[in-house]
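**Student:** I'd like to ask you about the structure that follows.
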Amino acid sequence: MARINVNINPNVLLWARQEAGYNVDEVAEKLSVNSDRYNDWEKKGKDIPFGKLQNMATYYKRQLAVFFLPEVPTKIKKPKDFRNLSPANSLLPKEILLTLRRSAYLQRIANDLEGENYWSKKLGWIKNIEKLTNEADIIAQLRELIGIDIDQQLKWASESVAYRNWRTAIEEKLGILIFQFSMPMEELQGFCMTDNLPYIIVTNSNHSYTGRIFTIFHELAHIIHHQSGMCLVDRVEQNQKEEWACNTFAGSFLAPLNTIIPTDDLEKIGTYSRKLKVSREVYLRRLKEERLLPDVKFYALLDEIKATYKKKSKSKGFVLPEVKSRASRGETFYNIVFEAIGTNRINYTDAAHALGLRVNRLINEI
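Heads up, the sequence shown is in the working numbering, so the first residue is 765 and it goes up one at a time.
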């Protein structure tokens, strides 16, 4: 059978590679061609073997049809990088670039299905919050909006229940969608996007539940200031003013002063933090922030806590695709898509793609 060669817009090929985070040599090696030949494809877009283009679609995780677009699609606007990494380490890995793309896609689907007016009204609370200058007043107002007081928080049975309740309340009451995807923990623990509607927060599913909860409120602080950001919330230094302020906000929200019991006993710190569904580090930092613990003791206890952590092996058990879809995209997004199916605002193919499901599994859910 004769080999089929195709001609495409070379700028589309360049865009697809860059958005996926590959350099020319990496792609050429994967395609078993030399770099000069690949460069020629990106410069001219001529005589590209169709099979090689199919391979590139797989590597870049793009639909094949994308490569035949006449014009270059809009690049994803990446959130501001607050991670404080060295230039050599600040390049985003392919997994994170894919997560940014996926999150922006889900954001766009939610906006298309509900409309900008719907999401703008949902975010109307921000204007009232912006009028407040005292952090305690902001936290009090937010707790009232979310509808969860400290007594309810203390009654929750587990950290996973706490995460689910915070996530649901923020989606429903504040109109912010919360997604969770697996990302390299050493690279990124969470991010938020506010350049388009609806606003979204993305947590790292490899993080502990307390870590994900803290990330939600750290990113919420960014959102209040209309910031998009990529963050490593566990590694913030005091000279990172914006990140430090977001961490302080999250800690004060989740562990208010009237719940903090002074102690320098590590076992009690563990007990008190579990009641609040926060990490031991968060509780320890709250003791320091409220001047209830000397700096010397704080750093000694922090070292002790870090020494107790072991890297957890990731569970390899089978998870139903529907369960995974709900967990990653959240109940709000999941329900928006199903409601849109029922009112003929989205077809089965597009709905399945949005939810990461096969069409037959999607139909079984209806």
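Yeah, the Cβ is synthetic: ideal placement off N, Cα and C, and Gly gets one too.
Would M947 and I860 qualify as a contact pair, given that the criterion is a beta-carbon distance under 9 Å?
**Tutor:** Yes, the Cβ-Cβ distance between M947 and I860 is below 9 Å.
**Student:** Are the CB atoms of Q944 and S922 within a distance shorter than 9 Å?
**Tutor:** Not in contact: S922 and Q944 (Cβ atoms no closer than 9 Å).
**Student:** For the putative contact between N848 and L961, defined by C-beta atoms under 8 Å, what is the C-beta separation to the nearest angstrom?
**Tutor:** About 29 Å; that fails the 8 Å criterion.
**Student:** Is L984 near A1014, with beta carbons less than 9 Å apart?
**Tutor:** Going by C-beta atoms, L984 is nearer than 9 Å to A1014.
**Student:** Determine the extent of the beta strand (DSSP E) in which M994 is found, giving its start and end residues.
**Tutor:** Here the beta strand (DSSP E) through M994 covers G993 to C995.
**Student:** Given a cut-off of 9 Å, decide if M820 and L1131 are closer than it, judged by their beta-carbon atoms.
**Tutor:** Since the first residue of the chain shown is 765 and the last is 1130, residue 1131 is not available in this structure.
**Student:** Quick one: what does DSSP say Q944 is sitting in, helix, strand or coil?
**Tutor:** The answer is strand: DSSP assigns Q944 an E or B state.
**Student:** So, does the stretch 970 to 990 touch the stretch 922 to 931, judging by three or more C-beta pairs under 8 Å?
**Tutor:** Cβ pair count under 8 Å is three or more, so yes.
**Student:** Kindly list the residues whose CB is nearer than 8 Å to the CB of W1008, restricted to its own chain and excluding five residues on each side of it in sequence; keep chain order.
**Tutor:** Correct list, in chain order: V1000, E1001 and Q1002.
**Student:** Classify Q818: buried if its beta carbon has 16 or more other beta carbons within 10 angstroms, exposed otherwise.
**Tutor:** Q818 should be labelled exposed.
**Student:** My understanding is that V791 touches N803, with C-beta atoms under 8 Å, so please give their C-beta distance in whole angstroms.
**Tutor:** Rounded, the Cβ-Cβ distance is 10 Å, inconsistent with contact.
**Student:** Do L1066 and L1040 have their C-beta atoms closer together than 9 Å?
**Tutor:** No, Cβ-Cβ distance for L1066 and L1040 is not below 9 Å.
**Student:** Hey, how far is the Cα of F1102 from the Cα of I1130?
**Tutor:** So the two alpha carbons sit approximately 8 Å from each other.
**Student:** At a cut of 8 Å, does the stretch 839 to 846 reach the stretch 862 to 871 through at least three beta carbon pairs?
**Tutor:** With a cut-off of 8 Å, the stretch 862 to 871 and the stretch 839 to 846 count as touching, because enough Cβ pairs lie within range.
**Student:** Does the separation of the CB atoms of L941 and W889 fall below 9 Å?
**Tutor:** Cβ distance not < 9 Å, so L941 and W889 don't count as in contact.
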